[in-house]
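J.:
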Amino acid sequence: GKAYFEAEDYARAIREFNFVAKFEDELPGDLVVEEAKKLLELAQQRSYDLLEENIRESQARDEEERKRNEEKFRLNQLHQQALAYFEKEEYEKAIEQWKKMLEISPDNPIAKEHIAKAEADLERKLLSLINRADELAKKGNYYAAIRILDAARRLNPDVNKIRLIDQKVTQYDKRLNFDELYQQGYRYYRMKDYFNALKSFEKALAYEPNNEQVRKAYFDAKARANAKKEPLLGRAKEEFMKGIRLYRAGKYEQALKIWEELQKTLPYNKYILDSIDMAREKIDQLKRSPKQP
1 GKAYFEAEDY ARAIREFNFV AKFEDELPGD LVVEEAKKLL ELAQQRSYDL
51 LEENIRESQA RDEEERKRNE EKFRLNQLHQ QALAYFEKEE YEKAIEQWKK
101 MLEISPDNPI AKEHIAKAEA DLERKLLSLI NRADELAKKG NYYAAIRILD
151 AARRLNPDVN KIRLIDQKVT QYDKRLNFDE LYQQGYRYYR MKDYFNALKS
201 FEKALAYEPN NEQVRKAYFD AKARANAKKE PLLGRAKEEF MKGIRLYRAG
251 KYEQALKIWE ELQKTLPYNK YILDSIDMAR EKIDQLKRSP KQP
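The opening residue of the sequence shown carries number 1 in this note's numbering; numbering runs sequentially from there.
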């Protein structure tokens, strides 16, 4: 029994010690029997402890296996969700899922590889949207350009891209306001509402003070808003009448040139301004009418 006990073969040791312990009644006080009884108790305790240890180890292995299985399930779940986002080009959401995978498995090669792919595709999509917005802006479609840039910003780009996008939005928004004000002023001008036209052109110039087209429109509206019927005298009257004769002869552009020169010295004379408008309208009519064979 002792040999089995030393070899930690407690089942056989218990068997042998039990065999000796049965002689207790026949050999009361026998030292061998007493020792066998003590060793039997110790072997039983060791056997129990060993069983407990084996159970704990088995449970630990089972728990570890359960955790591994749960981890695999969660990783696969995150990966499938990321792929679904990736397919819909929702790259930021896809990257978020793969980063969650790295929180569970820091060295996961699949997550790292797909994050790199998604970041590259996100960059390409951002540049594509920005270029598309630029193309729309070149065509004067600032509303659509701003909407495209808003979509680009929702992709959560880096700080530099955000700065670029915001600069373009400000630029296009400014241009949009400028164009709206200019068109508004033009509509007022066509309706001969020169005071409101003047206000609109003035606001447009606040955005682009050096725009020659708007400056001219502003000058024209201001002149007509402040026009007065003042008599033409001397040289001014002669030039004005010369313009009238040219106009009646169908030489509208020559007449216009004379009256525009007169306006430089008499900017608010209503007779001159009305004649200029009359010549411009006639020239526009001729440009719009089909050419005769």
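We put the CB at the ideal spot given by N, CA and C, even for glycine.
Indicate whether the contact test is met: 3 or more Cβ pairs, each with one atom in the segment 159–174 and one in the segment 126–144, closer than 8 angstroms.
T.: Yes, the segment 159–174 is in contact with the segment 126–144.
J.: Would the beta-carbon of Phe201 fall within 8 angstroms of that of Ala223?
T.: In this structure, Ala223 does not lie closer than 8 angstroms to Phe201 by Cβ.
J.: Measuring CB to CB, does Lys232 end up less than 8 angstroms from Tyr186?
T.: Per the sequence shown, residue 232 should be read as Leu rather than Lys. No, these two residues do not count as a Cβ contact at 8 angstroms.
J.: Looking only at its own chain, which residues have a Cβ that is under 6 angstroms from the Cβ of Ala255, when we skip the five neighbours before and after it?
T.: Only Gly243, Leu246, Tyr247 and Ala279 meet the Cβ criterion.
J.: Which same chain residues, not among the five before or five after Lys257, have their C-beta less than 8 angstroms away from its C-beta?
T.: No residues qualify anywhere along the chain.
J.: When you compare the CB positions of Ile95 and Ala118, do they come within less than 8 angstroms of one another, or not?
T.: Yes. Within cutoff.
J.: At the level of alpha carbons, what is the spacing between Gln184 and Asn177?
T.: For Gln184 and Asn177, the distance between alpha carbons rounds to 10 angstroms.
J.: Could you tell me which residues DSSP puts in a beta bridge with Asn269?
T.: Answer by DSSP bridge pairing, in chain order: Lys228.
J.: In three-state terms, what does DSSP make of Ala22?
T.: The residue asked about is misnamed: residue 22 is Lys in this sequence, not Ala. Residue state, collapsed to three classes: helix.
J.: In chain order, what residues of the same chain have a beta carbon less than 7 angstroms from the beta carbon of Lys282, not counting five sequence neighbours either side?
T.: Closer than 7 angstroms at Cβ, skipping near neighbours: Tyr252.
J.: Please state whether DSSP places Ser289 in a helix, a strand or coil.
T.: Of the three classes helix, strand and coil, the one that applies to Ser289 here is coil, per DSSP.
J.: Just verifying my parser: in three-state terms, what is the DSSP assignment at Ser128?
T.: Three-state result, Ser128: helix.
J.: Please confirm whether Leu155 and Glu92 have their CB atoms less than 8 angstroms apart.
T.: A contact, by the Cβ cut-off of 8 angstroms.
J.: Is the segment 106–120 touching the segment 140–160 in the sense that three or more CB pairs, one from each, lie closer than 8 angstroms?
T.: Contact between the segment 140–160 and the segment 106–120 is absent, because fewer than three Cβ pairs lie under 8 angstroms.
J.: Is it the case that the Cβ atoms of Ala227 and Tyr172 are separated by a distance below 8 angstroms?
T.: No, Cβ-Cβ distance for Ala227 and Tyr172 is not below 8 angstroms.
J.: Going by C-alpha distance, which of Asn131, Glu65, Glu239 and Leu122 is nearest Glu89?
T.: Minimum Cα distance to Glu89 is reached at Leu122.
J.: Taking the alpha-carbon positions, what's the Glu52 to Phe19 distance?
T.: Going from the Cα of Glu52 to the Cα of Phe19 covers about 25 angstroms.
J.: Which residues in the same chain as Arg153 place their Cβ atom closer than 7 angstroms to its Cβ, once the five residues preceding and following it in sequence are excluded?
T.: Only Ile162 and Ile165 meet the Cβ criterion.
J.: Could you pull out every residue in the same chain whose Cβ sits closer than 6 angstroms to the Cβ of Leu198, ignoring the five residues on either side in sequence?
T.: These residues qualify, in order along the chain: Ala221, Lys222 and Ala225.
J.: Candidates Tyr194, Glu180, Leu273 and Ala236: which alpha carbon is nearest Lys229's?
T.: Closest option to Lys229, Cα to Cα, is Leu273.
J.: Quick check on Leu262: buried or exposed, where buried means 16 or more other Cβ atoms within 10 Å of its Cβ?
T.: Burial call: buried.
J.: On a CA-only basis, which of Leu181, Ile146 and Asn196 is nearest Tyr207? Give me that one, please.
T.: Out of Leu181, Ile146 and Asn196, Leu181 has the C-alpha closest to the C-alpha of Tyr207.
J.: Taking the straight line between their C-alpha atoms, what separation do you get for Gln213 and Met191?
T.: Each residue's alpha carbon lies about 19 angstroms from the other.
J.: How far does the alpha helix (DSSP H) with Glu3 in it extend, from its first residue to its last?
T.: Strictly speaking, residue 3 in this sequence is Ala, with Glu absent from that position. Per DSSP, Ala3 belongs to the alpha helix (DSSP H) from Lys2 to Glu6.
J.: At 4 residues or longer, what runs of the alpha helix (DSSP H) sit wholly inside the segment 61–141?
T.: Runs of the alpha helix (DSSP H) inside the segment 61–141: 91–104 and 109–138.
J.: For a test of the three-state rule: what should DSSP assign to Arg147, helix, strand or coil?
T.: In the structure shown, Arg147 sits in a helix (DSSP, three-state: H, G or I).
J.: Apart from the five residues just before and just after Lys298, which ones in its own chain have a Cβ nearer than 8 angstroms to its Cβ?
T.: For the chain, the structure presents residues 1 to 293; residue 298 sits outside this window and is missing.
J.: Taking C-beta to C-beta, are Lys37 and Ala11 nearer than 8 angstroms?
T.: Not in contact: Lys37 and Ala11 (Cβ atoms no closer than 8 angstroms).
J.: Can you tell me the Cα-Cα spacing of Gln285 and Leu149, whole angstroms?
T.: Distance between the alpha carbons of Gln285 and Leu149 is about 41 angstroms.
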